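Going by the working numbering, the sequence shown opens with residue 1, and the numbers climb by one from there.
Here the structure comes first, spelled out in structure tokens, and everything after it is commentary.
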Amino acid sequence: MSETRVHRRERGGWAAAWMVLAGLAAGLGSSIPAGVAAQDLPTVVILSTGGTIASVYDDAAGGFAPALTGEQLVQAVPGLDTIARVEVVQVANVASTNMTPALWLAVSAAARDMLARPDVAGVVVTHGTDTLEETAYFLDLTVGSDKPAIVVGAQRAASEPDADGPGNLRDAILTAIAPASRGMGTLVVLNGEIHAAREVTKTHTLNVDTFKSPGFGALGFVEPDGVRYYRAPLRRQHLEVAPGARLGRVEIVTNYAGADGRVVRGVLAQGGLDGLVVEASGVGNLASDLFDALEEVRAAGIPVVITTRVHTGRTLPLYAGRGSGVTLREIGCVFADNLPPHKARVLLLAALQRTSDPAEIQAIFAR
Ligand code: DAS
Numbered sequence: 001m002s003e004t005r006v007h008r009r010e011r012g013g014w015a016a017a018w019m020v021l022a023g024l025a026a027g028l029g030s031s032i033p034a035g036v037a038a039q040d041l042p043t044v045v046i047l048s049t050g051g052t053i054a055s056v057y058d059d060a061a062g063g064f065a066p067a068l069t070g071e072q073l074v075q076a077v078p079g080l081d082t083i084a085r086v087e088v089v090q091v092a093n094v095a096s097t098n099m100t101p102a103l104w105l106a107v108s109a110a111a112r113d114m115l116a117r118p119d120v121a122g123v124v125v126t127h128g129t130d131t132l133e134e135t136a137y138f139l140d141l142t143v144g145s146d147k148p149a150i151v152v153g154a155q156r157a158a159s160e161p162d163a164d165g166p167g168n169l170r171d172a173i174l175t176a177i178a179p180a181s182r183g184m185g186t187l188v189v190l191n192g193e194i195h196a197a198r199e200v201t202k203t204h205t206l207n208v209d210t211f212k213s214p215g216f217g218a219l220g221f222v223e224p225d226g227v228r229y230y231r232a233p234l235r236r237q238h239l240e241v242a243p244g245a246r247l248g249r250v251e252i253v254t255n256y257a258g259a260d261g262r263v264v265r266g267v268l269a270q271g272g273l274d275g276l277v278v279e280a281s282g283v284g285n286l287a288s289d290l291f292d293a294l295e296e297v298r299a300a301g302i303p304v305v306i307t308t309r310v311h312t313g314r315t316l317p318l319y320a321g322r323g324s325g326v327t328l329r330e331i332g333c334v335f336a337d338n339l340p341p342h343k344a345r346v347l348l349l350a351a352l353q354r355t356s357d358p359a360e361i362q363a364i365f366a367r
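Take a look at the structure:
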């Protein structure tokens with residue numbers, strides 16, 4: 001069934017459009033050189049992990065589920081053989097809601113190994129969109145190569161007539177081989193936009209125009225004549241995380257009207273907590289009762305990181321009163337700058353490999 005549906009999309013004229021694009025790009029100095037022999041084309045390694053980009057409709061289950069391999073995703077992109085030599089590594093085939101820190105480590109190690117090969121220009125990670133930005137940020141922190149790692153997904157499953165996966169995958173490969181992508185770290189490419197891993201977030205549940213960098217905008221675009229950048233990410237850092245590392249247990253809790261700290265006390269009582277990320281309100285303020293519970297977490301020596309449920313802007317100790325930013329600073333909480341809770345958790349997990357000292361963790365969040 002999947003084959004039939006994928007081929008139905010190809011018959012829809014995408015292949016013809018691709019030939020026009022490839023021809024245009026060949027003459028306009030993009031990453032598609034004219035008249036280059038196949039063996040001289042850049043090599044891109046696809047690390048396939050699943051997600052909607054690899055999903056087809058499962059009649060028995062009544063919904064979409066990952067089914068296609070990385071090889072099948074590559075085969076659905078017409079004309080790839082004129083721009084890159086593509087190799088595929090199947091790392092997983094899961095919905096990205098089932099990505100785990102252990103899988104992040106596996107993807108990061110594979111990316112590092114592949115980028116260390118002199119013949120590899122870049123890697124492309126195919127991924128579900130739900131947690132794509134977490135994996136992308138982990139890779140940005142840990143891969144440590146000048147060559148790009150591109151993370152790509154799709155909003156329409158491969159079995160749909162308007163599947164956006166093949167076009168997005170083509171754009172991701174073009175971005176991976178573009179010389180201008182060097183030094184940009186891990187990039188997220190969907191819907192023709194190129195975003196920095198630290199800044200990008202999914203903003204719409206269904207629309208194909210979903211990955212945005214609120215407050216900042218895209219770094220660049222994949223256009224008919226090639227990849228074009230307008231700015232570079234400044235807030236990048238490398239944290240060494242060994243492939244066999246044990247990433248700790250870091251939970252996320254949220255502030256809301258009437259938050260009384262019961263969830264925090266429950267998490268603390270279970271034991272084994274290595275860190276806590278709090279999704280505060282506004283510039284970083286909490287209900288007083290939630291603050292009381294956080295004092296217990298801090299008294300146990302566990303790092304606490306303050307983020308906000310507001311979509312743009314940073315957290316800062318600005319207000320006084322029990323639960324305010326000033327009191328959170330007094331008990332040794334770390335302020336996450338403008339990272340959202342799920343990315344603050346990624347950074348905290350990586351930082352905890354080096355230290356659990358709040359001052360040192362604060363310095364890492366300030367970079
Ligand atoms: N199936 C979801 C996921 O794997 C959604 C998607 O990929 O767009 O994240």
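Where is the CB? At the ideal position from N, CA and C, for every residue including glycine.
If you're wondering where the values come from, they're calculated on a predicted model, not measured in any experiment.
Selection Glu-296, Asp-292, Thr-254, Ala-280 evaluated against Gly-271 yields Glu-296 as nearest (Cα-Cα).
Comparing alpha-carbon positions, the option among Leu-139, Ile-173, Val-91, Glu-360 lying closest to Val-120 turns out to be Ile-173.
Bounds of the beta strand (DSSP E) holding Ile-306 are 304–308. The ligand DAS has a heavy atom closer than 7 Å to the beta-carbon of Asp-130. Beta-bridge annotation (DSSP): Leu-190 is paired with Glu-193. Here DSSP, grouped into helix, strand and coil, assigns Gly-313 to coil. Taking non-hydrogen atoms of the ligand DAS into account, the C-beta of Gln-155 is found less than 7 Å away from one of them. Per the coordinates, the alpha-carbon of Ala-336 lies some 6 Å from the alpha-carbon of Ala-344. Val-189 is not a Cβ neighbour of Val-143, given a cutoff of 8 Å. Annotation: Ser-324 is outside any beta strand (DSSP E) and is labelled neither H nor E by DSSP. Per DSSP, Phe-291 is one residue of the alpha helix (DSSP H) stretching across 288–299.
Counting the other Cβ atoms within 10 Å of the Cβ of His-195 gives 16 or more, which makes it buried. Distance from the CA atom of Arg-367 to the CA atom of Gly-63, rounded to whole angstroms, is 42 Å.
Contact check for Asn-255 against Ala-280 passes: the beta carbons are separated by less than 8 Å.
Residue pairing for Asn-285: DSSP places it in a beta bridge opposite Ser-281. The Cβ atoms of Asp-146 and Gln-155 do not sit closer than 8 Å to each other.
The continuous alpha helix (DSSP H) containing Val-264 extends over residues 262–270.
With contacts defined as CB atoms closer than 8 Å, Met-184 and Leu-219 qualify as a contacting pair. Here the alpha carbon of Gly-217 sits roughly 28 Å from the alpha carbon of Ala-158.
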